[in-house]
Amino acid sequence: MHALKKHRPLRRVTLAAATTVTGFVLLLSLKPHTAPTVAQASSSAGQSASQSPSQSPSPGSSSGSSSGSTKSTGTKTVTGDTVQTRWGPVQVRVTLKNGKITDVTAVSYPTDNPRDQEINSYAIPQLRREALAAQSAQIDSVSGASYTSDGYKQSLQSALDSAGL
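The sequence shown begins at 0 in numbering that gives the first Met the number 0 and counts up one residue at a time.
In structure tokens form, the structure reads like this:
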């Protein structure tokens, strides 16, 4: 018969307690990782993205489309509607030159927690590249960022609609 079976039940209790304490100590000694930094959608998005938390509207509100300046060269900047997603608002600004999309900037997007920042640090630049390549709001969603992708596409479409495209 095995030494830990019936003859020494106190030994089993002691081993179980020691194993539990060791597991707890190992679990508590784990250190959380540092929060990732948020990548910017474009070089001009640096100012917009860093200001977006203070400029984002309160939940439940929706800002309408607004157009920026139209220069003599045919350059037009249009900001799309703010789309409320499950994780926060998403808003896109589009720059058009002679009817072509030349720049897309995410004005606001979810940045409330480290997971939002991690997801959007790869999703926003990917959505920007897709929009510039497609020259429309008919772009693929980014895997793992479904809500942000849907909000991005809706805001982009509203900006393009406001621009008359």
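In this text, a Cβ means the ideal position worked out from N, Cα and C, and glycines have one as well.
Remember, it's a predicted structure, so these values are computed and weren't measured experimentally.
Closest Cα partner of residue i within the set the options
i	options	result
S120	T147, K99 and Q134	T147
V141	L131, Q125, L155 and Q134	Q125
S157	S28, T81, T21 and Q116	T81
D102	D160, G87 and L155	L155
T104	G22, V77 and T19	V77
A133	D111, Y151 and I100	I100
G87	R114, T74 and K96	R114
R128	Y151, T110 and Q116	Y151
R85	A16, T94, L159 and P109	P109
Per DSSP, the bridge partner or partners of residue i
i	result
Q83	P88
S145	Note: S145 sits in no beta bridge, so no partner.
S107	Q90
Assumed close pair residue i, residue j - CB separation to whole angstroms, cut-off 8 Å
i	j	result
A144	A130	That pair is no contact at about 14 Å.
L164	G98	7 Å
Three-state secondary structure (DSSP) of residue i
i	result
I100	strand
T21	helix
A132	helix
G163	coil
L27	helix
K152	helix
Exposure of residue i, with buried meaning 16 or more beta-carbon neighbours within 10 Å
i	result
G79	buried
A44	Model confidence at A44 stands at a pLDDT of 39, short of 50, so the residue's coordinates are unreliable; what they give is reported in the following sentence. It is buried - the Cβ of A44 has at least 16 other Cβ atoms within 10 Å.
R10	exposed
L26	exposed
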